[in-house]
Amino acid sequence: MPLDPVEPTAIEAMFWVNNIWMLIATFMVFLMHLGFAALESGMTQAKNTVNILFKNLSILSIGLLTYAFVGFNLMYPGESFAGGWFGFSGFGISTDASGLGISYADGAYTYWTDFIFQAMFAATAATIVSGAVAERVRLSSFLVFSTLYVAVIYPMVGMWHWGGGWLAASGFHDFAGSTIVHSVGGWAALVGAIVLGPRLGAYYGGRIQGHNLPLAAIGVLLLWFGWYGFNGGSVLSADPAAVSLVVVNTSMAAATGVMIAGLGSWIFAGKPDLSMALNGALAGLVGITAGADVLTPMAAVVIGGISGVLIIAADGALSRMHVDDPVGAIPVHLVCGVWGTLAVGIFSPQVSLATQLMGVAVIGVFCVLGSAIIFKALDATLGMRVSEEEELVGLDIEEHGVGAYGGMRLVTEEIPVAAK
Amino acid sequence: MPLDPVEPTAIEAMFWVNNIWMLIATFMVFLMHLGFAALESGMTQAKNTVNILFKNLSILSIGLLTYAFVGFNLMYPGESFAGGWFGFSGFGISTDASGLGISYADGAYTYWTDFIFQAMFAATAATIVSGAVAERVRLSSFLVFSTLYVAVIYPMVGMWHWGGGWLAASGFHDFAGSTIVHSVGGWAALVGAIVLGPRLGAYYGGRIQGHNLPLAAIGVLLLWFGWYGFNGGSVLSADPAAVSLVVVNTSMAAATGVMIAGLGSWIFAGKPDLSMALNGALAGLVGITAGADVLTPMAAVVIGGISGVLIIAADGALSRMHVDDPVGAIPVHLVCGVWGTLAVGIFSPQVSLATQLMGVAVIGVFCVLGSAIIFKALDATLGMRVSEEEELVGLDIEEHGVGAYGGMRLVTEEIPVAAK
Amino acid sequence: MPLDPVEPTAIEAMFWVNNIWMLIATFMVFLMHLGFAALESGMTQAKNTVNILFKNLSILSIGLLTYAFVGFNLMYPGESFAGGWFGFSGFGISTDASGLGISYADGAYTYWTDFIFQAMFAATAATIVSGAVAERVRLSSFLVFSTLYVAVIYPMVGMWHWGGGWLAASGFHDFAGSTIVHSVGGWAALVGAIVLGPRLGAYYGGRIQGHNLPLAAIGVLLLWFGWYGFNGGSVLSADPAAVSLVVVNTSMAAATGVMIAGLGSWIFAGKPDLSMALNGALAGLVGITAGADVLTPMAAVVIGGISGVLIIAADGALSRMHVDDPVGAIPVHLVCGVWGTLAVGIFSPQVSLATQLMGVAVIGVFCVLGSAIIFKALDATLGMRVSEEEELVGLDIEEHGVGAYGGMRLVTEEIPVAAK
């Protein structure tokens with residue numbers, strides 16, 4: 231029965247279009263997980279590919295399940311306590327039918343849509359960390375870290391702003407999560423990369439190259455595609471003016487990020503650097519995420535361009551400090567996440583730069599402390615880093631017993647042929 | 231002219247949103263064909279990749295064309311005969327304009343949308359078989375098989391339930407096709423794998439590994455993405471409550487499938503097995519497909535988890551019986567298709583387990599007989615299996631004259647340089 | 231606030247669904263750029279992959295930015311001069327809020343949506359050229375060419391038809407751009423391939439094979455997926471009858487293109503040729519693009535089938551003439567673009583074949599002249615072709631200093647191990 235038995239109203243028709251758009255946006259954010267998996271495995275060495283794919287597939291699944299079990303109710307508790315710093319409305323998701331009607335979110339989406347859109351966001355925060363610790367982190371320890379980070383840290387921070395907590399009350403503006411999602415992942419990426427230390431040989435004779443750049447390019451372009459759902463869905467309705475502005479801003483920032491990072495590497499390093507151009511797209515996307523709803527496309531161009539410059543600078547600085555981040559997660563998600571959030575305070579007259587700074591700083595301190603405690607506790611117990619032998623041979627053979635590019639097994643005549 | 235010349239009503243607005251959602255769901259199901267192609271080529275040996283890609287691209291095309299020519303009218307004949315066991319409303323698709331208005335499906339979609347959504351489903355049933363017979367099936371024979379299976383067998387079974395036949399009258403519940411699509415493909419996969427026998431050397435010294443696991447991961451995540459259209463579109467409208475519940479259930483089952491199959495392989499085989507985790511996602515997806523519209527997310531978690539256990543068990547059993555299924559199509563699509571269908575009878579009070587069992591069994595017998603007759607007839611005439619030499623060298627070079635990863639042709643100074 | 235404060239009308243609900251569909255179609259056209267990048271890099275040699283990815287990522291970005299700066303206002307100037315041959319409404323995109331309401335396009339989409347949908351189209355025209363000149367074109371020169379072609383040539387031609395210029399007044403019919411997009415790219419591809427000359431060794435001992443056919447297959451299937459947005463979005467609303475007919479026609483033409491090109495290569499060359507089957511899909515898609523709105527699915531089958539024949543013939547003819555087109559861009563986009571445009575005149579009684587021919591010819595002359603002038607000017611100044619050494623070694627190492635499939639750097643005990 232596609233239509234209500236009674237004559238539908240235009241409000242009901244709008245409910246249907248809003249909700250289906252939010253679900254489609256959810257599917258697009260889902261596809262970002264394929265993007266992250268492809269980017270991370272393409273940007274790293276072939277010997278660790280199975281490990282990375284297993285890790286990212288697991289994080290997605292852990293993210294969805296823990297968000298159902300505890301995250302959603304930590305992030306959107308209804309009522310919060312302790313001055314808007316904490317709230318929790320119980321374990322598990324509701325099956326109360328009242329969340330399915332037009333009254334749940336003023337005709338924008340159902341309870342189920344709300345949950346699954348937010349769950350896909352939650353899973354991205356943990357995935358961001360994954361790239362920075364790749365090729366040397368112990369799988370079991372990282373999965374425990376991810377579980378805690380996505381189940382507790384991310385939803386708590388999310389509640390402060392999107393869940394109606396103290397940060398929402400402060401006038402802080404972070405439309406789709408330059409800070410709430412990307413820097414939350416980025417801070418833990420920084421902490422993780424420092425705690426683990428660099429990969430063996432990372433600073434010996436030039437950068438370790440990615441083993442499959444087409445795979446990395448697939449990853450980045452799928453991330454860009456998915457970002458239209460990430461930012462466009464953050465309008466929380468299909469409002470034509472709002473969504474179309476967000477989409478234009480998102481496109482402009484990404485395109486400028488590519489050009490500036492690509493040209494920048496060409497000018498400063500003498501060669502057009504594909505990895506930098508790819509990360510330039512992501513830098514622009516992270517940069518515009520905080521203000522895509524309130525800025526003009528011209529501001530998006532400026533923000534995306536500065537994001538492109540920032541990742542070149544940050545990448546160089548991290549290299550000099552020997553903070554080894556195989557995929558560039560820290561420049562992209564942390565540096566541009568912070569920049570994008572501050573940029574709203576700079577380019578939008580309604581938003582206070584001081585408030586933006588305050589929000590960035592408080593969340594930074596919380597995430598650094600939270601991730602450092604978890605990483606250090608795991609390091610002291612399970613151990614965060616694989617053995618030297620495992621790292622040299624590769625995690626695929628050592629942890630998984632299989633390579634990513636096997637299958638060329640030689641079948642010769644000596645093999646007893648199966649009876650047909 | 232975007233709007234009707236007369237003042238549109240809310241029913242018309244709903245017609246537009248329903249129809250566009252059904253088309254978008256169609257596009258997502260289309261993308262599942264890329265998912266199947268990537269999964270199957272990634273999970274097999276490099277020497278058969280061109281063959282697999284050619285096969286899957288052809289099946290998609292054959293599926294769309296035969297469904298237009300005969301399948302749609304076999305599956306949705308309007309009236310059926312022989313007690314709801316058979317019907318046919320003629321060759322080709324209609325170009326009658328009456329299918330384009332709001333009256334065609336009560337404002338849910340047009341005739342064209344109906345056809346193309348169903349056509350994409352049809353093509354998936356044949357593609358499922360492809361994975362189980364990979365690396366040793368003769369291309370021409372398999373394309374003849376696919377043509378017959380997708381043109382006749384699949385639509386006949388589909389008619390019994392979705393086309394208003396005897397199974398629909400029995401109270402059988404299969405929302406989006408755990409049985410009607412996945413087990414229909416899965417039974418033929420089982421028959422095909424048995425008729426062909428195992429690959430040369432399949433049980434000699436460990437499993438033959440896939441040659442490109444990132445490609446397999448791309449495949450699985452695109453399949454998961456496409457499944458949101460497969461299950462979400464099976465609501466047959468954009469009804470917010472119905473579609474959003476289906477999407478949440480689909481997500482929960484897939485995520486649990488990943489975790490249980492991944493952890494299960496870790497515990498039982500000592501190593502976290504990426505292939506198993508990937509197939510765990512598909513297992514959960516197939517498992518929830520029959521009941522995603524009527525079950526709770528908690529039931530979806532249980533169904534997805536059991537699906538994860540079942541593929542580990544089924545994979546072991548098939549190995550012991552030397553039924554060689556290179557991609558795990560039989561555990562995923564047949565075993566979890568049956569399980570998902572029965573699970574609706576277990577978890578939903580409105581659905582009879584006995585009726586579910588009866589439907590599964592009758593369709594199983596029909597598909598086994600149908601596919602066995604076609605496979606055996608082709609084996610006796612064209613031959614189903616390639617020669618030993620072709621299999622050893624690889625189908626790419628032998629049947630297609632080209633490798634999948636060529637292109638590194640050495641160009642040296644001896645080559646006469648073309649005039650510029 | 232998802233809903234208007236006042237009671238929304240059904241017209242407003244339709245505005246929301248139309249606009250969100252146009253944005254989703256935009257995202258799908260965006261994904262075609264990933265399709266082009268994957269197809270082009272998969273169909274060429276491994277040593278030029280980084281170069282191709284950098285090139286395609288840059289073209290996408292340049293296309294979006296130049297379209298904002300100048301292209302959109304060249305293509306849709308409002309008023310045109312010189313008898314509908316030229317118009318320009320100023321640099322940059324408007325931020326006037328009047329473009330965001332229901333009055334902008336009769337409730338079909340906002341100004342921002344209009345811009346970004348058209349911008350994605352613009353970027354495809356330049357990308358088409360990229361494949362034909364791959365593996366030997368100088369990166370910097372090609373980026374300058376692309377910038378000029380996408381910023382000036384494409385929008386001028388687009389204005390003639392879609393911008394309300396002289397061609398629109400003539401009764402020319404090109405629904406989604408067989409001529410306006412595909413042949414505009416295709417003519418420049420032809421000119422570029424001739425100006426550059428063939429790759430070193432291109433006609434020495436068999437065709438140069440693509441290095442990664444799974445990547446090419448990913449590319450083609452993503453292009454097919456994106457084409458549903460390209461053609462479906464060209465309805466410029468979510469009109470159920472119109473969009474669903476377009477989607478069915480698009481599917482039928484693509485599927486027939488695959489079958490005819492695949493079977494044709496099998497019959498004529500003795501081997502089922504995957505590259506030909508893949509290009510058959512694109513051939514059918516380009517062929518149906520001009521008339522998908524006015525033709526029947528049976529006509530789509532005929533057009534797609536003839537497209538499949540045409541690329542085999544055109545590919546052979548180009549080979550004999552030593553016009554080296556590594557990915558088959560000229561057969562697909564130029565030959566089938568012309569054929570598809572003429573086919574509307576043949577199959578649709580309302581469209582004049584003579585007018586179609588005239589439009590094809592005038593645009594052909596303009597694009598050949600335009601692209602030849604730019605290519606020749608660049609060849610005389612920057613140089614269009616890389617040196618022989620660069621071509622032999624590969625553009626990746628020579629121009630970018632990195633290979634696409636590195637990353638297997640050997641890390642041995644001699645390397646000073648970083649302190650953990």
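Here the protein sequences come in this chain order: A, S and U. Converting from the first sequence to my numbering requires adding 230 to each position, the first position being numbered 1. Converting from the second sequence to my numbering requires adding 230 to each position, the first position being numbered 1. Converting from the third sequence to my numbering requires adding 230 to each position, the first position being numbered 1. Where a beta carbon is used, it is the ideal one built from N, C-alpha and C, also for glycine. Note that the structure is predicted; figures quoted are calculated from it, not measured.
Own chain partners of residue i with C-beta closer than 8 angstroms, once the 5 adjacent residues on each side are dropped
i      : result
Y433/S : S549, H552, D554
S582/S : G401, G575
A243/U : none
G361/A : F266, L269, E270, M273, A419, D555, P556, V557, G558, A559
Cβ-based burial, residue i [other Cβ within 10 Å; buried from 16]
i      : result
F321/S : exposed
G317/S : buried
E644/S : Unreliable placement is indicated for E644/S, whose pLDDT of 37 sits below 50; the coordinate value is still reported in the next sentence. Flag for E644/S reads exposed.
S495/A : buried
V595/A : exposed
K606/S : exposed
T611/S : exposed
I603/S : exposed
Q348/A : buried
T657/U : Not covered by the structure: residue 657/U. The range shown for chain U is 231 to 650.
G521/U : buried
S617/A : exposed
Chain-ordered neighbours of residue i on chain U, where CB pairs are closer than 7 angstroms
i      : result
V478/A : W342, F345, I346
I323/S : P527
Beta-carbon neighbours of residue i, restricted to chain A and to distances below 9 angstroms
i      : result
K501/S : E629, H630, G631, V632
L452/S : L261, L264
Chain-order list of residues whose beta-carbon lies under 6 angstroms from that of residue i (same chain, five-residue window excluded)
i      : result
G535/S : T486, I490
G415/U : A355, I358, V359, H563
A507/S : V488, A491, G492
Where residue i meets chain U, residues with beta-carbon distance less than 9 angstroms
i      : result
T354/S : Residues of chain U passing the Cβ test: none, with the nearest at roughly 14 angstroms.
Neighbourhood of residue i by C-beta distance below 7 angstroms, restricted to the same chain and skipping five residues each side
i      : result
W454/A : A484, A511, L515
N281/S : L369, L625, D626, E629, H630
D609/A : V425
Contacts that residue i makes with chain S (C-beta to C-beta distance below 7 angstroms)
i      : result
V247/A : V247
L475/A : In chain order: nothing, as chain S lies at least about 20 angstroms away.
Neighbouring residues, chain S, relative to residue i (Cβ below 8 angstroms)
i      : result
S288/A : V488, M489, G492, A507
L369/A : P502
Proximal chain A residues relative to residue i, where beta-carbon distance stays under 7 angstroms
i      : result
P238/U : A240, I241, M244
Chain-ordered chain A contacts of residue i [CB-CB under 8 angstroms]
i      : result
F284/U : G492, P502, L504, A507
Chain-ordered chain B contacts of residue i [CB-CB under 8 angstroms]
i      : result
L253/A : Here chain B cannot be found, since the structure's protein chains are A, S and U.
Taking a cut of 8 angstroms between CB atoms, which residues from the segment 256 to 280 of chain S lie near chain U? T256, F257, F260, L261, H263, L264, A267, A268, S271, G272, T279, V280
Please name the residues in the segment 606 to 636 of chain A whose beta-carbon is closer than 8 angstroms to at least one beta-carbon of chain S, in chain order. E629, H630, G631, V632, G633, A634, Y635, G636
Whether or not the segment 480 to 499 of chain U and the segment 283 to 295 of chain S are in contact is what I'm after, with contact meaning three or more pairs of Cβ atoms, one per stretch, closer than 8 angstroms; do they touch? yes
If you measure beta-carbon to beta-carbon, which residues of the segment 291 to 303 of chain S are closer than 8 angstroms to chain A? none
Taking only beta carbons into account, state which residues of the segment 371 to 385 of chain S come closer than 9 angstroms to chain A, listed in chain order. none
Inter-stretch contact (C-beta, 8 angstroms, three-pair minimum) for the segment 429 to 447 of chain S and the segment 341 to 356 of chain S: no
Is the segment 296 to 312 of chain U touching the segment 381 to 401 of chain U in the sense that three or more CB pairs, one from each, lie closer than 8 angstroms? yes
Do three or more CB pairs link the segment 460 to 475 of chain U to the segment 240 to 259 of chain S at distances below 8 angstroms? yes
With three or more C-beta pairs closer than 8 angstroms as the rule, is the segment 442 to 460 of chain S touching the segment 256 to 264 of chain A? yes
Residues of the segment 560 to 573 of chain U in Cβ contact with chain A at a cutoff of 9 angstroms, in chain order, please. none
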